[in-house]
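Asker:
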Amino acid sequence: MLSLLLQCLGVVKAHLVGDTRGHALLKKKSDALTVQFRQILKKLVSTKESMGYTMKTSSFALKEAKYVAGENIKHVVRENVSTAALKVRSYQENIAGVELPKFEYFIDGETNNDLTGLARGGPC
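Given below as structure tokens:
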């Protein structure tokens, strides 16, 4: 009877060691994902805060282009663009055993806007 209790105690201790190790690994994974989430959130907030200035600048640039090239600037731009210069690359990043998608943009090629606006007197 005593040997049976000692065997059960040994099994329970082995389970406790395994459970403790599993809990520590899950806690480490949770902490790593939380840190990654906070980094993404900081980047998102800073990007949103800079959008006001970016939208103001782009609106002024569009008005400037319409003044120089006329109101039909959309057709001029579509005729001059054959491939995208700004592209997005995606890949998987492993954070504590969890695959997270990552996206980054890069500029591939050159823009060919040298002659845009010459029909209406050239650039300002």
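Numbering-wise, our numbering puts 74 at position 73 of the sequence shown, and it's gapless, one number per residue.
For glycine and all other residues, C-beta sits at the position ideal for the given N, C-alpha and C.
1) State the start and end residues of the unbroken alpha helix (DSSP H) segment that holds residue 51.
2) Where do the N-terminal and C-terminal ends of the alpha helix (DSSP H) with residue 95 fall, by residue?
3) Pairs of beta-carbons, one from the segment 29-44 and one from the segment 91-100, closer than 8 Å: are there three or more?
4) Spell out the partners DSSP gives residue 103 in its beta bridges.
5) Return the first residue and the last residue of the alpha helix (DSSP H) that residue 77 is part of.
6) Give the single residue among 87, 110 and 91 whose Cα lies nearest to the Cα of residue 103.
7) For residue 70, count neighbouring C-beta atoms within 10 Å of its own C-beta (all shown protein chains included) and say buried if the count is 16 or more, exposed if not.
8) My guess is that residue 53 and residue 86 are in contact by the Cβ rule of under 8 Å, so how many angstroms apart are they, rounded?
Answerer: On the basis of the supplied data:
1) If you number the sequence shown from 1, residue 51 lands on position 50. For residue 51, the enclosing alpha helix (DSSP H) stretches over residues 3-70.
2) Locating residue 95 in the sequence shown gives position 94, where the first residue counts as 1. Where residue 95 is concerned, there is no enclosing alpha helix (DSSP H), although the beta strand (DSSP E) it sits in stretches over 87-96.
3) Contact annotation: the segment 29-44 touches the segment 91-100, with at least three C-beta pairs closer than 8 Å.
4) Position 102 of the sequence shown, counted from the start, is the residue given in the question as residue 103. Looking at the DSSP output, residue 103 bridges to 92.
5) Translated into positions along the sequence shown, residue 77 becomes position 76. Here the alpha helix (DSSP H) through residue 77 covers 74-81.
6) If you number the sequence shown from 1, residue 103 lands on position 102. Of the listed residues, the one whose Cα sits closest to residue 103 is 91.
7) Numbered from 1 along the sequence shown, position 69 holds the residue referred to as residue 70. Label assigned to residue 70: buried.
8) In the sequence shown, residue 53 corresponds to position 52, counting from 1. In the sequence shown, residue 86 corresponds to position 85, counting from 1. Not confirmed; about 25 Å, so no contact.
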